[in-house]
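Here this note's numbering is used: the sequence shown runs in plain steps of one and ends on residue 297.
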Amino acid sequence: PLGPLYEVRSATEVALVFPLPSGDDLSERIAAGLTHPLLQAALEAWTDGAPRFRLAFSAGGHHRSVRWAVAQRLAQRGSPLLNDSREVCWTVEVDEAGDRLLCLPRGADPRFAYRRRDVPAATHPTLAALLAWTGAPRPGEVVWDPFCGSGSELVEAARLRDGLHLRGTDVSPRALDAARLNLAAAALDAASTELRQASALEVAPHHQGRPVSLILSNPPMGRRAQVEDRRARQLLVDFVGHAARVLGPQGRMVWLSPAPRATARAGVAHGLHVEDLDAIDMGGFWATPQILRQSS
């Protein structure tokens with residue numbers, strides 16, 4: 002029954018949201034929210050068997066006494082919900098600041114079952130899905146990920162549009178092996194797929210003479226790439242210039258930039274139209290999704 006929710010590939014979590022009743026006793030507020038008829042009906046309808054759950058708290062902390070009191074109150078009220086952390090179907094996250102209960106389904110996430118192998122610093126698949134959705138691949142396009150890692154951006158692009166010509170490059174043989182495995186597991190309906198070991202600055206992928214029209218990538222980044230490692234930043238700036246040369250008419254690049262001002266300046270200098278989207282917290286540093294388009 003949760004199938005339609007999992008069509009949202011860019012969401013990190015999927016949750017059912019219910020109100021957290023007001024009051025002075027937190028355990029009573031939680032118990033009252035959990036025994037609301039709408040919440041109980043939703044969890045029973047979307048669970049095979051008894052709805053088992055564990056409590057979590059948005060603000061952190063164990064709150065053992067609160068957990069115990071909630072379990073006691075639910076038992077007293079004859080609730081069908083079971084507070085049992087061993088075989089949970091749901092995590093109920095208590096958000097006191099927002100006065101709400103977030104019911105998050107647990108278990109295998111079917112959206113990214115193709116990820117058979119990963120590599121260090123690979124793109125989280127929800128971010129790859131965001132980049133692909135923003136790039137909006139068109140029928141028959143040549144789509145290139147110059148720093149392809151384990152191949153998530155290429156998979157997510159092909160999930161959106163059949164018949165693409167997928168091209169991936171990386172300097173790491175290990176990354177390319179992972180990408181090949183993941184692309185095969187995804188069982189994509191791509192028109193053609195080519196992965197090769199190469200520097201992103203030294204190749205111009207194509208299909209039968211047709212140039213790349215969409216570049217999707219999460220390039221090498223991190224704290225050092227953002228501030229201290231000038232070579233890493235220069236790689237990104239240099240690649241913007243290379244992208245401007247290899248993109249065909251109406252071509253565009255959608256990527257995450259940890260140095261958005263530098264890459265935006267490079268884009269403008271090479272005749273690209275640059276659009277910055279809202280920055281994303283990458284876990285200790287920020288990166289900006291950028292769209293760079295050929296002017297004609």
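We treat Cβ as the ideally placed atom computed from N, Cα and C, and that holds for glycine.
Within 8 Å, strictly: CB atoms of residue i and residue j
{"i": "residue 156", "j": "residue 187", "result": "yes"}
{"i": "residue 200", "j": "residue 172", "result": "yes"}
{"i": "residue 96", "j": "residue 103", "result": "yes"}
{"i": "residue 151", "j": "residue 119", "result": "yes"}
{"i": "residue 135", "j": "residue 149", "result": "no"}
{"i": "residue 206", "j": "residue 213", "result": "yes"}
{"i": "residue 184", "j": "residue 194", "result": "yes"}
{"i": "residue 23", "j": "residue 70", "result": "no"}
{"i": "residue 253", "j": "residue 293", "result": "yes"}
{"i": "residue 161", "j": "residue 191", "result": "no"}
{"i": "residue 265", "j": "residue 275", "result": "yes"}
{"i": "residue 32", "j": "residue 74", "result": "yes"}
{"i": "residue 209", "j": "residue 174", "result": "no"}
{"i": "residue 251", "j": "residue 273", "result": "no"}
{"i": "residue 36", "j": "residue 78", "result": "yes"}
{"i": "residue 215", "j": "residue 138", "result": "yes"}
Nearest-angstrom Cβ-Cβ length linking residue i and residue j, presumed shorter than 8 Å
{"i": "residue 20", "j": "residue 101", "result": "6 Å"}
{"i": "residue 267", "j": "residue 249", "result": "Actually they do not touch by this definition, with Cβ atoms about 19 Å apart."}
{"i": "residue 90", "j": "residue 48", "result": "5 Å"}
{"i": "residue 133", "j": "residue 217", "result": "6 Å"}
{"i": "residue 196", "j": "residue 179", "result": "Incorrect: roughly 10 Å between the Cβ atoms, too far for contact."}
{"i": "residue 355", "j": "residue 116", "result": "In the structure as shown, the chain starts at 2 and stops at 297, and residue 355 therefore has no counterpart that could be examined."}
{"i": "residue 38", "j": "residue 83", "result": "Actually they are not in contact, since the Cβ atoms of residue 38 and residue 83 sit about 18 Å apart, beyond 8 Å."}
{"i": "residue 291", "j": "residue 277", "result": "6 Å"}
{"i": "residue 233", "j": "residue 189", "result": "About 31 Å separates the two Cβ atoms, so there is no contact after all."}
{"i": "residue 93", "j": "residue 56", "result": "6 Å"}
{"i": "residue 9", "j": "residue 15", "result": "7 Å"}
{"i": "residue 122", "j": "residue 59", "result": "In fact, because the Cβ distance is near 28 Å, the residues do not count as touching under 8 Å."}
Environment of residue i [buried if 16+ CB atoms lie within 10 Å]
{"i": "residue 165", "result": "buried"}
{"i": "residue 143", "result": "buried"}
{"i": "residue 256", "result": "buried"}
{"i": "residue 65", "result": "exposed"}
{"i": "residue 13", "result": "exposed"}
{"i": "residue 81", "result": "exposed"}
{"i": "residue 224", "result": "Its pLDDT being 48, under 50, residue 224 is placed unreliably by the model, and the measurement read from it follows with that caveat. Under this definition residue 224 is an exposed residue."}
{"i": "residue 202", "result": "exposed"}
{"i": "residue 259", "result": "buried"}
{"i": "residue 88", "result": "exposed"}
{"i": "residue 34", "result": "buried"}
{"i": "residue 130", "result": "buried"}
{"i": "residue 146", "result": "buried"}
{"i": "residue 261", "result": "buried"}
{"i": "residue 45", "result": "exposed"}
{"i": "residue 62", "result": "exposed"}
{"i": "residue 153", "result": "buried"}
{"i": "residue 5", "result": "exposed"}
{"i": "residue 211", "result": "exposed"}
{"i": "residue 76", "result": "exposed"}
{"i": "residue 231", "result": "exposed"}
{"i": "residue 270", "result": "exposed"}
{"i": "residue 229", "result": "No answer about residue 229 holds up, because its pLDDT of 49 lies below 50 and its placement is not dependable."}
{"i": "residue 226", "result": "Confidence at residue 226 is low in this model, with a pLDDT of 44, below 50, so the placement of that residue should be treated as unreliable; the coordinate-derived value is given next. Classification of residue 226: buried, given that the 10 Å Cβ count is 16 or more."}
The alpha helix (DSSP H) enclosing residue i, as first and last residue numbers
{"i": "residue 177", "result": "174–187"}
{"i": "residue 34", "result": "27–35"}
{"i": "residue 209", "result": "Looking at the DSSP string, residue 209 is not in any alpha helix (DSSP H), and its letter there is neither H nor E."}
{"i": "residue 45", "result": "38–46"}
Where the beta strand (DSSP E) through residue i begins and ends
{"i": "residue 290", "result": "287–295"}
{"i": "residue 194", "result": "193–198"}
{"i": "residue 171", "result": "166–171"}
{"i": "residue 276", "result": "273–277"}
{"i": "residue 20", "result": "17–20"}
{"i": "residue 1", "result": "Any answer about residue 1 is impossible in this case: the structure gives the chain only from 2 up to 297."}
{"i": "residue 55", "result": "53–58"}
| said: Threshold first: 3 residues or longer. Then list the beta strand (DSSP E) segments lying entirely within the segment 217–264, N to C. | reply: 253–258
If we require 3 or more residues per run, which beta strand (DSSP E) segments fall completely within the segment 125–153? 143–146
Inside the segment 63–137 only - alpha helix (DSSP H) runs reaching at least 4 residues: 65–77 and 126–136
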